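Undergrad: Take this structure first; my questions come after.
Residue numbers (the working numbering), protein chains in the order written: chain A, 4 to 350; chain B, 4 to 350.
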């Protein structure tokens with residue numbers, strides 16, 4: 004079984020329903036309705052494990068603290084929720100000093116303050132091997148949170164920001180480049196090490212009333228879009244010429260399109276908007292928020308397809324993103340491949 | 004720094020306040036007030052790590068799932084909250100089969116159904132070494148949750164159930180006895196492997212209006228009572244003859260009183276009641292709930308003291324319970340010692 008199949012099995016057999024639970028397992032976060040409250044509560048849990056999700060030599064304790072919180076806030080952003088509270092459980096191997104713990108919390112709290120999230124509790128334990136951080140984040144939303152399942156055939160797909168930049172940063176780290184020599188390298192490293200969750204964009208998008216489905220991009224759009232399609236009961240097509248790729252990676256012997264499709268940890272938002280409303284959304288979307296790009300559309304026919312341009316021949320896209328239970332090696336960017344075995348060339 | 008000092012440092016520097024947060028870091032769970040709701044929300048996070056908190060050969064996957072949830076529900080019980088929702092993050096090393104995952108969830112869900120808690124989400128990851136389960140549990144309470152800090156000098160201290168039975172079970176496991184040969188051994192093993200969180204007792208105690216302070220016993224009463232005293236700004240004395248010890252352990256070359264004082268993971272409740280109301284509480288406490296025992300009282304003078312009987316000479320009790328950052332070896336029961344080095348003899 005792969006990761007998604009295990010999650011499906013758990014959801015079907017053990018997932019709760021009723022009693023104030025609006026959305027359980029299967030979305031970026033769970034949605035609850037506290038009795039008597041006018042707010043929705045949104046709850047998510049994500050862990051970072053040493054040598055699976057990060058290497059200790061690649062980042063500072065402050066960067067690790069930042070990232071552990073960021074991946075959780077990104078799930079709240081995907082629901083359009085305002086971060087409110089979080090707990091942090093740290094398992095630490097022998098030899099970790101109090102100053103390390105303090106720096107880790109400092110990095111976490113800098114990001115928390117920026118997004119107005121309060122640390123309310125947690126757990127501390129020794130770890131027999133490796134650092135592990137598990138965070139549970141809670142957000143609130145005045146309107147019903149946007150689920151990934153809301154998109155309909157014909158909807159236009161948008162993403163925020165740039166895709167594949169975090170994977171480009173990871174490629175640099177894997178070559179031992181922990182410091183960037185120029186602005187592009189530093190941007191790529193920052194995307195990987197200290198991702199900025201798109202909370203403000205997510206809240207605006209949820210509040211504008213134009214977005215039908217939304218999720219965050221954690222495992223690469225080839226895999227995550229397939230998940231959105233599964234939830235919506237649709238297929239999709241994306242247009243290669245429209246992908247906001249990280250072009251600088253071309254100079255680093257990387258294919259920016261492959262990075263954009265299969266590189267994980269961008270923590271950008273993917274969202275679906277009715278075709279009738281897409282122009283209006285682009286017109287009113289605030290310029291102070293990260294830029295948005297149309298990248299394709301949902302379609303009735305199942306499967307995720309790729310076209311270089313609108314009108315050019317479609318090719319089926321295989322999920323090349325990251326799956327915890329498919330790859331036996333430590334988490335890393337993996338080149339995407341078409342089913343016919345030809346590598347995807349940059350558009 | 005020991006575990007409590009690290010938690011203090013985190014609480015002082017980074018602990019949140021305001022914005023609906025009634026109680027942050029420092030109690031068994033955090034307490035929140037959702038906007039517009041008449042309920043209090045209570046949130047706790049606890050992790051279990053292989054070779055720190057358990058050994059894989061000691062328990063079945065179902066027992067592990069049970070225990071990972073039980074330690075969290077026990078924190079909700081300590082606040083008097085009704086369990087409502089939980090998330091489960093599992094990190095699993097290579098070689099764990101889907102059937103193992105299923106059995107683990109089955110054990111978790113059996114306990115969850117008993118206490119009416121819904122599984123609402125989680126995370127799954129490969130682990131480079133060892134099984135780790137982190138659970139975040141959410142409960143609700145119509146009345147203000149009982150904090151550990153509410154006790155006052157003169158208050159009578161009570162505990163539920165039997166103390167030291169889980170530690171007696173652990174002692175059996177450490178001798179390779181994973182199956183009990185008689186009812187006492189099986190009770191001890193069950194206490195350690197599948198602890199029963201005292202949710203119903205906790206809710207009754209919080210609802211009766213007679214309890215001023217409450218916490219659960221996870222690290223041994225010698226350490227946990229010192230924590231309650233710290234939170235209340237008091238000292239305490241306990242009466243050896245009143246401790247509900249697990250007498251059967253005497254036949255297993257264990258000292259039941261040491262186990263009761265310093266053995267962890269009993270997950271019973273410790274609570275403080277005004278001296279004027281203690282008799283009334285005992286009279287009205289329902290017989291269907293786990294029995295309660297007076298074990299001592301809070302006092303104005305700092306320090307935790309031990310007397311064999313009311314009226315006999317007090318001796319200062321050192322904290323001998325479990326601290327994650329003090330003991331360099333895997334978590335295990337540790338014999339308690341007086342500061343003068345003489346071992347505590349059974350009363």
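Beta carbons: idealized from backbone N, C-alpha and C, even for Gly. Keep in mind that this is a model prediction, so the values were computed, not measured.
Between the segment 159 to 174 of chain A and the segment 261 to 273 of chain A, are three or more C-beta pairs nearer than 8 angstroms?
TA: Verdict: yes, contact present.
Undergrad: According to the Cβ coordinates, are residue 359 of chain A and residue 47 of chain B closer than 8 angstroms?
TA: Only positions 4 to 350 of chain A appear in this structure, which leaves residue 359 of chain A out of reach.
Undergrad: For residue 313 of chain A and residue 268 of chain A, I'd like the C-alpha separation in whole angstroms.
TA: Going from the Cα of residue 313 of chain A to the Cα of residue 268 of chain A covers about 27 angstroms.
Undergrad: With DSSP as the reference, label residue 315 of chain B as helix, strand or coil.
TA: It is coil, neither helix nor strand.
Undergrad: With a 10 Å radius around its C-beta and 16 neighbouring C-beta atoms as the bar for buried, classify residue 108 of chain A as buried or exposed.
TA: The residue in question, residue 108 of chain A, is buried, as its Cβ has 16 or more Cβ neighbours within 10 Å.
Undergrad: Any beta carbon of chain A sitting closer than 8 angstroms to that of residue 150 of chain B?
TA: It does not; no Cβ of chain A falls within 8 angstroms.
Undergrad: Using beta carbons (cut-off 8 angstroms, strictly below), is residue 343 of chain A in contact with chain B?
TA: Bear in mind that the predicted position of residue 343 of chain A carries a pLDDT of just 25, short of 50, making it too unreliable to give a figure here.
Undergrad: Given a cut-off of 8 angstroms, decide if residue 194 of chain B and residue 320 of chain B are closer than it, judged by their beta-carbon atoms.
TA: Contact flag unset, no.
Undergrad: With DSSP collapsed to three states, give me the class of residue 241 of chain B.
TA: The answer is strand: DSSP assigns residue 241 of chain B an E or B state.
Undergrad: DSSP three-state call for residue 229 of chain B: helix, strand or coil?
TA: Here residue 229 of chain B sits in helix by DSSP.
Undergrad: Would residue 291 of chain A pass as an interface residue toward chain B - the criterion being a Cβ-Cβ separation below 8 angstroms?
TA: Residue 291 of chain A does not count as touching chain B.
Undergrad: Could you list which residues in chain B have their beta carbon closer than 8 angstroms to that of residue 28 of chain A, in chain order?
TA: Here the neighbours are 122, 123, 124 and 125.
Undergrad: Take residue 289 of chain A as the anchor and find which of A/203, A/216 and A/231 has the nearest alpha-carbon.
TA: With distances taken between Cα atoms, residue 289 of chain A lies closest to A/203.
Undergrad: Are residue 144 of chain B and residue 83 of chain B touching if we call contact CB-CB under 8 angstroms?
TA: In contact: residue 144 of chain B and residue 83 of chain B (Cβ atoms closer than 8 angstroms).
Undergrad: What residues match up with residue 21 of chain B in a beta bridge as DSSP calls it?
TA: Answer by DSSP bridge pairing, in chain order: B/24.
Undergrad: Are the C-beta atoms of residue 48 of chain A and some chain B residue less than 8 angstroms apart?
TA: Yes - at least one Cβ of chain B is within 8 angstroms of the one on residue 48 of chain A.
Undergrad: Please state whether DSSP places residue 68 of chain A in a helix, a strand or coil.
TA: Correct three-state label for residue 68 of chain A: helix.
Undergrad: Exposed or buried, residue 186 of chain B, counting other C-beta atoms within 10 Å across all chains shown (16 or more means buried)?
TA: Exposed, because fewer than 16 other Cβ atoms sit within 10 Å of the Cβ of residue 186 of chain B.
Undergrad: Determine which residues of the segment 40 to 68 of chain B have a Cβ less than 9 angstroms from any Cβ of chain A, and write them out in chain order.
TA: Answer in chain order: 40, 41, 42, 44, 46, 47, 48, 49, 50, 51, 52, 53, 54, 55 and 56.
Undergrad: Taking 8 angstroms as the threshold (beta carbon to beta carbon), is residue 32 of chain A in contact with chain B?
TA: It does; some Cβ of chain B falls within 8 angstroms.
Undergrad: Using DSSP with H/G/I as helix, E/B as strand and the rest coil, what is residue 11 of chain A?
TA: Helix at residue 11 of chain A.
Undergrad: Under the assumption that residue 81 of chain B contacts residue 272 of chain B (Cβ atoms under 8 angstroms), give the Cβ distance between them as a whole number of angstroms.
TA: Confirmed, about 6 angstroms.
Undergrad: What residues in its chain sit with their C-beta under 6 angstroms from that of residue 210 of chain A, if we drop five residues either side in the sequence?
TA: For residue 210 of chain A, where only same-chain residues beyond five positions count, there are no Cβ hits under 6 angstroms.
Undergrad: Does the segment 53 to 63 of chain A come into contact with the segment 112 to 120 of chain A, if we say contact requires no fewer than three beta-carbon pairs (one atom in each stretch) closer than 8 angstroms?
TA: The segment 53 to 63 of chain A is not in contact with the segment 112 to 120 of chain A.
Undergrad: In angstroms, rounded to a whole number, what distance separates the CA positions of residue 128 of chain B and residue 50 of chain B?
TA: If I take the Cα positions, the gap works out to 15 angstroms.
Undergrad: With DSSP as the reference, identify every bridge partner of residue 144 of chain A, one or two as the case may be.
TA: BP columns for residue 144 of chain A point to A/43.
Undergrad: For residue 13 of chain B, go through chain A and note every residue whose CB falls closer than 9 angstroms to its CB, in chain order.
TA: The contacting residues are 91, 104, 105, 108, 122, 125 and 127.
Undergrad: Within the same chain, show all residues whose beta-carbon is closer than 7 angstroms to that of residue 88 of chain A, passing over the 5 residues directly before and after it, in chain order.
TA: Counting only Cβ-Cβ distances below 7 angstroms, and skipping sequence neighbours, we find 120, 121, 123 and 141.
Undergrad: Do the segment 22 to 34 of chain A and the segment 57 to 75 of chain B make contact, defined as three or more Cβ pairs closer than 8 angstroms?
TA: No: the two stretches stay apart, fewer than three of their Cβ pairs being nearer than 8 angstroms.
Undergrad: From which residue to which residue does the beta strand (DSSP E) around residue 296 of chain B run?
TA: 295 to 302 is the span of the beta strand (DSSP E), which, as asked, contains residue 296 of chain B.
Undergrad: Closer than 7 angstroms, Cβ to any Cβ of chain A: which residues of the segment 261 to 286 of chain B, in chain order?
TA: Within the segment 261 to 286 of chain B, no residue has a Cβ that lies closer than 7 angstroms to any Cβ of chain A.
Undergrad: What is the rounded straight-line gap between the Cα of residue 346 of chain B and the Cα of residue 275 of chain B?
TA: Note that residue 346 of chain B scores 26 on pLDDT, short of 50, meaning its location in the model is unreliable and no value can be drawn from it.
Undergrad: Ordered along the chain, which non-local residues of its own chain (more than five positions away) have a Cβ less than 6 angstroms from that of residue 137 of chain A?
TA: Here the set comprises 50 and 92.
Undergrad: With distances taken between CB atoms, is the gap from residue 354 of chain A to residue 36 of chain A smaller than 8 angstroms?
TA: Lying outside 4 to 350, the shown extent of chain A, residue 354 of chain A is not represented and no answer is given.
Undergrad: Let's test the definition: count the other Cβ atoms within 10 Å of the Cβ of residue 239 of chain B and tell me whether it reaches 16, buried, or not, exposed.
TA: Buried is the call here.
Undergrad: Could you run through the segment 150 to 164 of chain A and flag, in chain order, every residue whose CB is less than 7 angstroms away from some CB of chain B?
TA: Under the 7 angstroms Cβ criterion, the segment 150 to 164 of chain A contributes no residue.
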